[in-house]
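Asker:
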Amino acid sequence: MRTLGLSLGMVLLCLWRVQAGDPGTAELDESKIAGTWYITAMASDSESYLQKKDQLKMAMASIEVQGNGDLKVSFAIPTPERCMKFESIYKPTGSPGEYHSSDRGNKTVRLVDTDGSSYMVVFATKEKEGKTLHMLRLYSRTQWVRPKIKLLFKKLAKLNGFTDETIWILPRQEECRLGEP
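Just so we're aligned: the sequence shown equals residues -20 to -1, 1 to 161 in mature numbering (1 follows the signal peptide of the UniProt record, and there is no 0).
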C-alpha cells in the first residue's frame, strides 16, 4: 500500500513537471485566465489566516486582461462580519506568469500550474509589517473541484513548503458573490 502511495505521488509529480514546464512557473495565456473563478483551497503561513481558517469560505475572483497586459482582479471574500469586495491591478514583472500589485500592500503572484480551462494554482507573497507572507491558492471555474485536482493542489503546496496544518479546502458559500450589492 505504501509503495502504491509513493508511486502515485511520483506520477503526479512527473505530470505536474510536464504540464508546468519549469517547476514552479506555468506558461500564462491571459485569454484563458480571464473571467470568473472560485478560490476553492488555500495554503498559508500567515498567522492571521491560520487562526481563522475554520471560519473562511470559498471566495470569488474575476480577472480582466487590460490592453497593456495588466490584470484587473475583482474579489468577493466572505468574512464573518460582511462580504468584502475590492479590486486590484496586477502589473507584469517581466518573469513569465508573474505579476505585482502595490494595491492593499506589496503583493507578487505567480502562476504555478493550470490546465488552461478549469483550474489554476497561484503562489502569492505579500509584505506585511516587515514580514513576507506566503500563500498558495487553488482557483476553479466551478465550486466543485475534481478530487484529483485537490490532490494535485495538496502536492504542490507541500512542494512549496506548506504542511497539512497550513493547507485547507474552503467550504462553498452563496452569500458573497461578485456583481451583487
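For every residue, glycine included, the Cβ atom is placed at its ideal position computed from N, Cα and C. In this text, all values refer to a predicted model and were calculated from it rather than measured experimentally.
Give me, in chain order, the residues of the same chain whose beta-carbon lies closer than 7 Å to that of residue 170; leave out the 5 immediate sequence neighbours on both sides.
Answerer: An answer regarding residue 170 cannot be provided, because it is not within the stretch -20 to 161 covered by the chain.
Asker: Mapping DSSP to helix, strand and coil, what is L(-15)?
Answerer: Low confidence applies to L(-15): its pLDDT is 32, below 50, so where it sits in the model is not reliable, and the reading given next is rough at best. Helix, per DSSP.
Asker: If you reduce the DSSP assignment to three classes, tell me which class A137 lands in.
Answerer: DSSP places A137 in helix when its eight states are reduced to three.
Asker: So for R157, helix, strand or coil by DSSP?
Answerer: If DSSP states are grouped into helix, strand and coil, R157 belongs with coil.
Asker: What are the boundary residues of the beta strand (DSSP E) that includes L30?
Answerer: Note, L30: premise wrong, no beta strand (DSSP E); alpha helix (DSSP H) at E27 to K32.
Asker: In the DSSP output, what is L118 paired with across the bridge?
Answerer: A21 and V101.
Asker: Suppose contacts are defined by Cβ-Cβ distances below 8 Å. Is I147 in contact with K135 by that definition?
Answerer: In this structure, K135 does not lie closer than 8 Å to I147 by Cβ.
Asker: I'd like the ranges of any beta strand (DSSP E) spanning at least 3 consecutive residues and lying wholly in the region 53 to 79.
Answerer: Complete beta strand (DSSP E) runs here, min 3: 63 to 72.
Asker: Shortest alpha-carbon distance to K32 belongs to which of T16, P60, I19 and T88?
Answerer: Nearest of T16, P60, I19 and T88 to K32, Cα basis: P60.
Asker: On the three-pair Cβ rule with 8 Å, is the region 20 to 30 touching the region 112 to 126?
Answerer: The region 20 to 30 is in contact with the region 112 to 126.
Asker: Is the beta carbon of S68 sitting closer than 8 Å to the one on L158?
Answerer: Against a cut-off of 8 Å, the Cβ pair of L158 and S68 comes out as no contact.
Asker: I need the DSSP call for L150, collapsed to helix, strand or coil.
Answerer: The answer is coil: DSSP assigns L150 none of H, G, I, E or B.
Asker: Would you check if the distance between the CB atom of V101 and the CB atom of V89 is smaller than 8 Å?
Answerer: No, the Cβ-Cβ distance between V101 and V89 is not below 8 Å.
Asker: Suppose you measure from the CA of T122 to the CA of K111; what does that come to, to the nearest Å?
Answerer: Cα to Cα, the separation comes out at about 33 Å.
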